[in-house]
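Enquirer: Quick one: structure below, then a few questions.
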Amino acid sequence: MENYWNKEIECMSREDMKKLQDERLVAQVKHVYENVPYYKKLMDEKGVTPDDIKSTADLHKLPFLTKADLRDAYPYGLLAMPLSECVRIQSTSGTTGKRVVAFYTQHDVDLWEDCCARAITAVGGTKDDVCQVAYGYGLFTGGPGLNGGSHKVGCLTLPMSSGNTERQIQFMRDLGSTILCCTPSYAAYIGETVKEMGLTPDDLKLKAGIFGAEPWTEEMRREIEKSLGIKAYDIYGLTETSGPGVAFECSAQKGMHINEDHFIAEIIDPDTGEVLPEGSKGELVFTSITKEAFPLLRYRTRDICVLSREKCSCGRTLIKMSKPMGRSDDMLIIRGVNVFPSQIETVLIEQGYAPNYQIEVDRVNNTDTLDINVEMSEEQFSDTIKGIQEKERELVEAIKTILGINPKVHLVSPKSIARSEGKAVRVIDKRKLHD
Amino acid sequence: MLIKQISIFVENKPGRLSAVTKLLSDNDIDIRALSVADTKDFGILRLIVNNPDKACEVLKKADCTVSLTNVIAIGINDKPGGLSAAMDCLYAANISVEYMYAFISKSEDQAYVILRVENNDKAVEALKENNFTILKAEEVYDM
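These protein sequences, in sequence, are chains D and X. Quick note: the first sequence uses our numbering, first residue 1, plus one each step. Quick note: the second sequence uses our numbering, first residue 1001, plus one each step.
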């Protein structure tokens, strides 16, 4: 039987949800216009006033916010509440440039944790569960978000943070953890370590995992499920909109339900900014309609996905988003072709390799080069040069079929590619390009 | 009859060969013969040792990529034409050699050749018919 954290909201009729969104949006636009001079200026420049926004149908009239705006406005430029009302900050990893800080009032922390509680409940979590949170704690939202959600649900919470993998597994066994929360790449690494320690999934009580904060593939989901003996669920969020829990997967394991009572989702054409009809692939845009301190309107996530209102077997009526193919800033343009690391990962797993790889892009004599280092297993090792080169050729062919460009594939020893306890470093781009 | 050869995947990085040989030395593994096949990115180090199972175990423990392959060791006359006669015999029997390497023995007129072929049984049969000495595994390990 499906469990809901807040059945009234999660299964609300479309009509009621729209009404709730309309009311909240109108109030939020007014709140932002009055308290955030940075956004007021953007609205004024576009000739839009809060009076023009009467319902979600008017959403498209509002200006977009981008990551560049967040950097411009760093640190207080988008703050909508006095600092005395704020109780927390969280921050992005800063991997794509200057850090972004987000502010939370107690109300904001509560609603964020409530969203995470919905996610934990959706994977079957109850107060009888032992929830091991192996996301990083600190400025990163992963640890604090799931930690808060786990408390709300009433699980026994293990605030492990990431790292010290053998100790993670020790606690998992000694305390009988039933739910694991971490990045998918760390989950894969934990699975690998379990095997190495001579253990099997039967030695663990884990039943479910909530894995997010980086793009991952269906193939990787199957690998993790097998290595840990669990069901693996995706969770979505970004620091800019609060953190994990903006959207979460249910028992159907087919797309993530967006918490629409807090966030309105749109899909736009990333080039023109035009709103696309439901079912189109495009850039995901979020409007926070309940957050007080850091309420971003029409924030462009750079994530490429599809929205769907198809009826879900879990009974939730919340709109679903597909697994993002990757953030548009994860996307590499190699010899003019768009390449997502997740596409390469899919091929590797299909061909029987573990998802331990690193992509190196460089530019030699004005031509982009794509080198992929892939760890091979003992079984894949052959004692002849011919045998190894044949395996490399097979991978080159399979990747070329998907990407349309010719990579160089290098098989390397197991464990020679550094493991990650947080977000995996999949890409090294050595190109020095001038703007 | 067949000899267990250890094949080790060695990436072209400083210190890899030194790490592997140190490991063998620390575990009292005696090397009888070796060959290295190399490419731009990696090499395959092939070893005949006194205790292949133990060598394989310690290498695996140290996260090396290792495999055991059955190869043939034959004795040939250590004089001009010795190897040629053996190759002739294999050619006549239509057996291709994947790779091979040779080493001389402690006695003056004998040399040994390690052969990796597609079909070991067929090769052994052909070599025996032509009176080549096929070495027993223990003879090689305890050499």
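We put the beta carbon where it would ideally sit given N, CA and C, even for glycine.
1. Could you name the residues of the segment 283-299 of chain D whose beta carbon sits closer than 7 Å to any beta carbon of chain X, in the order they occur along the chain?
2. For the alpha helix (DSSP H) that contains Leu25/D, what are its first and last residues?
3. Please list the terminal residues of the continuous alpha helix (DSSP H) segment that includes Pro159/D.
4. Check Ser416/D in the structure and name its three-state DSSP category.
5. Which chain D residues sit within Cβ distance under 9 Å of Arg1046/X?
6. Using a Cβ-Cβ distance under 8 Å, would Gly416/D count as near chain X?
7. I need the straight-line Cα distance from Leu1135/X to Ser1084/X, nearest angstrom please.
8. Answer yes or no: do Ile1072/X and Ala1123/X have a C-beta to C-beta separation smaller than 8 Å?
9. By the three-class DSSP mapping on this structure, what secondary structure does Asn1012/X have?
10. Pull up the CB-CB distance for Leu370/D and Tyr357/D, whole angstroms please, since I reckon it's below 8 Å.
11. With distances taken between CB atoms, is the gap from Ala102/D to Phe340/D smaller than 8 Å?
12. So which residues on chain D does Thr1133/X lean against when the C-beta distance must stay under 8 Å?
13. Quick one: what's got a C-beta closer than 7 Å to His434/D's C-beta in the same chain, skipping five residues either side?
14. Give the straight-line distance between the Cα atoms of Glu375/D and Ala247/D, rounded to the nearest whole angstrom.
15. Smallest Cα separation from Lys205/D: which of Val194/D, Ser13/D, Ile179/D?
16. Label Thr165/D either buried or exposed according to how many other C-beta atoms from any shown protein chain fall within 10 Å of its C-beta, with 16 as the threshold for buried.
17. Under a CB-based cut-off of 8 Å, is Glu1011/X close to chain B?
18. Can you tell me where the alpha helix (DSSP H) with Ile190/D in it begins and where it stops?
19. Name the DSSP beta bridge partners of Tyr104/D, please?
20. Check distances from the C-beta atoms of the segment 1061-1073 of chain X to those of chain D and list, in chain order, the residues that come in under 8 Å.
21. From Ala1093/X to Lys1128/X, what distance separates their C-alpha atoms?
22. Out of Leu1002/X, Asp1030/X, Phe1009/X, which one is the CA nearest neighbour of Pro414/D?
23. Here's a check: name, in chain order, each residue in its chain whose Cβ is nearer than 8 Å to the Cβ of Asn1070/X, leaving out the five neighbours to either side.
24. From the DSSP output, in three-state form, read off Leu175/D for me.
25. Indicate whether Cys155/D and Lys127/D have their beta-carbon atoms separated by less than 8 Å.
26. Please list, in chain order, all residues of the same chain as Ser55/D whose beta carbon is under 6 Å from its beta carbon, the five residues on each side excluded.
27. With a threshold of 8 Å between beta carbons, is His107/D in contact with chain X?
28. Specify the secondary structure class of Gly245/D as computed by DSSP and reduced to three states.
29. Which residue's Cα is closest to the Cα of Arg335/D: Ser280/D, Ile405/D, Gln380/D, Ile289/D?
30. Taking the beta carbon of Asp16/D as the centre, do at least 16 other beta carbons fall within 10 Å, making it buried, or is it exposed?
31. With distances taken from CA atoms, which of Met1/D, Lys7/D, Asn3/D, Glu2/D is nearest Asp261/D?
32. Closest Cβ-Cβ distance between Thr1039/X and chain D: below 8 Å?
33. Just mark His410/D as buried or exposed, buried being the case when its beta carbon has 16 or more other beta carbons within 10 Å.
34. Examine chain X for any beta-carbon lying closer than 8 Å to the beta-carbon of Val374/D, and answer yes or no.
35. In chain order, what residues of the same chain have a beta carbon less than 7 Å from the beta carbon of Asp1130/X, not counting five sequence neighbours either side?
Expert: The relevant details are as follows:
1. none
2. 14-35
3. Element bounds for Pro159/D: not the alpha helix (DSSP H) but the beta strand (DSSP E), 156-159.
4. coil
5. Asp383
6. The residue asked about is misnamed: residue 416/D is Ser in this sequence, not Gly. True, the Cβ-Cβ gap to chain X drops below 8 Å.
7. 19 Å
8. yes
9. coil
10. No, Leu370/D and Tyr357/D are not in contact; Cβ-Cβ is about 12 Å, not under 8 Å.
11. no
12. Chain D residues near Thr1133/X: none, gap ~24 Å exceeds 8 Å.
13. Confidence at His434/D is low in this model, with a pLDDT of 41, below 50, so its placement is unreliable and the value that follows should be read with caution. Within the same chain, His434/D has no close Cβ partners at all.
14. 33 Å
15. Ile179/D
16. buried
17. Going by chain labels, chain B is absent from the structure shown, which instead holds the protein chains D and X.
18. 184-196
19. Arg88/D
20. Asp1063, Cys1064, Thr1065, Val1066, Ser1067, Thr1069
21. 12 Å
22. Phe1009/X
23. Leu1002, Ile1003, Lys1004, Gln1005, Asn1120
24. coil
25. yes
26. Asp22
27. no
28. strand
29. Ile405/D
30. exposed
31. Lys7/D
32. yes
33. buried
34. no
35. Note that residue 1130/X is Asn in the sequence shown here, rather than Asp. Cβ within range, chain order: Cys1089.
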